[in-house]
Amino acid sequence: MLISQAKKASPAGAVLTSQDKYVSQMKQELMGSVGTSFEPLLERYIGHKVVLELARGDKIFEYCGVLKEYTAEFIEIMDVNYKAKEDEPARKADLVVLRKYGVVRHLGE
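Residues in the sequence shown are numbered from 4 upward in steps of one, following our numbering.
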């Protein structure tokens, strides 16, 4: 709405009109990120120990760590005991997981 008003009211509106394709693309990107990036439940968990469920193939793995931050596409968990392979000892690592594969289920202990 704001952009369409600017097109009508100012000399810069002529530039905006000629750039409609790019303006529409920017508008969609902004609305998409605003609509999906803030989640009140996750905001409360930042800095707290949480349980992350990670889907790998047909298996679900649970990792316990501290929620550092999240975006519309990623979740970052710190201080996770992570095994690269079953026969190796666990190491502390920070994980950055695509949100389509990982979900924060609840607070950890």
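We treat Cβ as the ideally placed atom computed from N, Cα and C, and that holds for glycine. Computed from a predicted structure; not experimentally measured.
Pick from the options: whose alpha carbon is nearest that of residue i?
{"i": "Y85", "options": "E65, L70, E76 and H109", "result": "E65"}
{"i": "L110", "options": "L98, V53, I63 and E79", "result": "V53"}
{"i": "V100", "options": "E42, P43 and A75", "result": "A75"}
{"i": "Y48", "options": "K71, Y104, G105 and F77", "result": "K71"}
Mind checking who residue i pairs with in its DSSP beta bridge?
{"i": "V85", "result": "The question names Val, but residue 85 is Tyr in the sequence shown. DSSP output for Y85 lists R94 as bridge partner(s)."}
{"i": "E112", "result": "E112 pairs with nothing; no bridge assigned."}
{"i": "E79", "result": "E72 and V99"}
Would you kindly work out how many angstroms separate the C-alpha atoms of residue i and residue j, rounded to a whole number?
{"i": "V69", "j": "D82", "result": "6 Å"}
{"i": "R94", "j": "K88", "result": "11 Å"}
{"i": "E112", "j": "H51", "result": "10 Å"}
{"i": "D97", "j": "C67", "result": "11 Å"}
{"i": "R130", "j": "R108", "result": "Given a span of 4 to 112 for the chain in the structure shown, any question on residue 130 remains unanswerable."}
{"i": "D90", "j": "L45", "result": "33 Å"}
{"i": "Y104", "j": "P92", "result": "24 Å"}
Go through the segment 36-73 residue by residue and report every complete run of the alpha helix (DSSP H) that reaches 4 residues or more, in order.
Here the runs fully enclosed are 43-48.
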